Amino acid sequence: MMESTFVYLRHGLVTALKSCLAEGLRTSHLGIVSPDPTAVLLAKTPHGILLQQIELLELLQRFLAVGVNESLALEVCFLEIFSMIPRSDLIPKN
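Numbers in the working numbering are just positions in the sequence shown, counted from 1, shifted up by 900.
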């Protein structure tokens, strides 16, 4: 029972992260002002990086669905995602 709860919560967390990244991408691409401060910050991130991070989260979900070791899958995917986060001094100023 506890394991199924953790699987459900983990899936919800990954889905929420993907949704947040997608909102930042949408905000940037459409040039709209979002009331979500996270989306506003993510909109300054290059589109390619946001797309790669979304793809990595989808890959993480596929890994976990087929039974890849959870700790290993989480570590690899999140290290890759965090390594893509640009430093603030490298983000172009609008």
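C-beta: ideal position from N, C-alpha, C; glycine also.
Values in this document were obtained by computation on a predicted structure and should not be read as measured data.
- Nearest neighbour of I949 by Cα position, chosen from E903, M984, G912, M902, turns out to be M984.
- The alpha helix (DSSP H) runs of length 4 or more contained entirely in the region 948-975 do not exist; there are none.
- Each of H929, L979, D936 was checked against the Cα of L951, and the nearest Cα belongs to H929.
- Here the C-alpha atom of A939 lies approximately 31 Å from the C-alpha atom of N969.
- Boundaries cannot be given for S934, as no alpha helix (DSSP H) includes it and DSSP labels it neither H nor E.
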